[in-house]
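Residue numbers (the numbering used here): 171 to 455.
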């Protein structure tokens, strides 16, 4: 009885670990998972981030793609690689979300918190958002542009920021990316293909007009391979025997005719959506 209970507990523990791994892959955009079909976009993004982190060059870019296309996963992979280089200790990340930072005052408070400059600001009062933001970035300076702390601003739900009054946050971030002593990279994530049409003229004139569009280019066999890899357990899974049985079952599942039919339909729908997306990209650009 004791032996059976021990096996049951071990099996439950394995299933718990499987749930954690899969939940991390599918729900939390884990930077440890593999990237598929976006190597060109990844190269473009990481080079841009390195120019800011290493050479003190300010940049701005929009990552555009349908929901679920991998925008956040792509960015997380690039940030993970960036943090592994020697200058990572000086790079500061500021994450903002249009659903949470609904006006410039809330955004400024969040920027101050993430820059750890609450003590520097204290009771200082400034006349405008621009003066506040400039003061915060000046507090990070260590001398010239190449020795200042690079700051990477990530704006999720970028199109919501574009709907805010006067687009104050966007205007000042893009303006700073052109003229500030502190090297700044502004990265927006959006599913709106017409995003540039939403920007005010003064904001658009300060944006670099760089856009990274996510369009997967793999065929169905590659799609099926991704399906298996995403469901399979890694080699470092603690219980090797359990992982082997699990992966064998995943392989059998991927060869089941009913499953293949469902995956083929899903793949075809995605391809049609991507074709429509590409047509709209051409229209808006």
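We put the beta carbon where it would ideally sit given N, CA and C, even for glycine.
Using three-state DSSP, classify residue i as helix, strand or coil.
i           : result
residue 216 : helix
residue 286 : coil
residue 314 : For residue 314, the predicted model reports a pLDDT of 49, less than 50, meaning its position is unreliable; a value from the coordinates is still stated below. Three-state result, residue 314: coil.
residue 244 : helix
residue 184 : helix
residue 306 : helix
residue 338 : helix
residue 376 : coil
residue 210 : helix
residue 271 : coil
residue 456 : With the chain covering 171 to 455 only, the question about residue 456 has no answer from this structure.
residue 278 : helix
residue 425 : coil
residue 366 : helix
residue 435 : helix
residue 345 : helix
residue 399 : helix
residue 418 : helix
residue 190 : helix
residue 330 : helix
residue 301 : helix
residue 224 : helix
residue 251 : helix
residue 178 : helix
To which residues does DSSP link residue i through a beta bridge?
i           : result
residue 323 : 264, 356
residue 229 : 355
residue 383 : 234
Check the C-beta distance from residue i over to residue j and give it rounded, since I have them as a contact under 8 Å.
i           : j           : result
residue 320 : residue 223 : 5 Å
residue 394 : residue 433 : 6 Å
residue 264 : residue 281 : 6 Å
residue 334 : residue 234 : With a Cβ gap of about 19 Å, residue 334 and residue 234 do not count as contacting.
residue 243 : residue 359 : Wrong, their Cβ atoms sit about 11 Å apart, outside the cutoff.
residue 354 : residue 323 : 7 Å
residue 278 : residue 305 : Not really, about 10 Å apart at Cβ, beyond 8 Å.
residue 403 : residue 188 : 7 Å
residue 368 : residue 332 : 4 Å
residue 268 : residue 328 : 7 Å
residue 378 : residue 352 : About 17 Å separates the two Cβ atoms, so there is no contact after all.
residue 303 : residue 357 : Actually they do not touch by this definition, with Cβ atoms about 17 Å apart.
residue 396 : residue 206 : 5 Å
To the nearest angstrom, how far is the alpha carbon of residue i from that of residue j?
i           : j           : result
residue 286 : residue 424 : 49 Å
residue 399 : residue 389 : 15 Å
residue 192 : residue 407 : 12 Å
residue 336 : residue 412 : 57 Å
residue 348 : residue 230 : 9 Å
residue 429 : residue 288 : 54 Å
residue 270 : residue 326 : 10 Å
residue 343 : residue 220 : 19 Å
residue 274 : residue 410 : 52 Å
residue 195 : residue 186 : 14 Å
residue 251 : residue 210 : 15 Å
residue 376 : residue 190 : 43 Å
residue 214 : residue 418 : 37 Å
residue 421 : residue 261 : 42 Å
residue 266 : residue 415 : 42 Å
residue 438 : residue 180 : 40 Å
residue 226 : residue 340 : 21 Å
residue 216 : residue 361 : 20 Å
residue 338 : residue 208 : 32 Å
residue 182 : residue 426 : 26 Å
residue 236 : residue 436 : 15 Å
residue 370 : residue 392 : 41 Å
residue 245 : residue 401 : 22 Å
residue 307 : residue 238 : 33 Å
residue 284 : residue 212 : 26 Å
Using only the heavy atoms of the ligand FMN, determine whether one of them is closer than 8 Å to the beta carbon of residue i.
i           : result
residue 227 : The model depicted lacks the ligand FMN and carries no ligand whatsoever.
Is there a Cβ from chain D that is less than 9 Å from the Cβ of residue i?
i           : result
residue 403 : The structure shown contains no chain D; it holds only a single protein chain.
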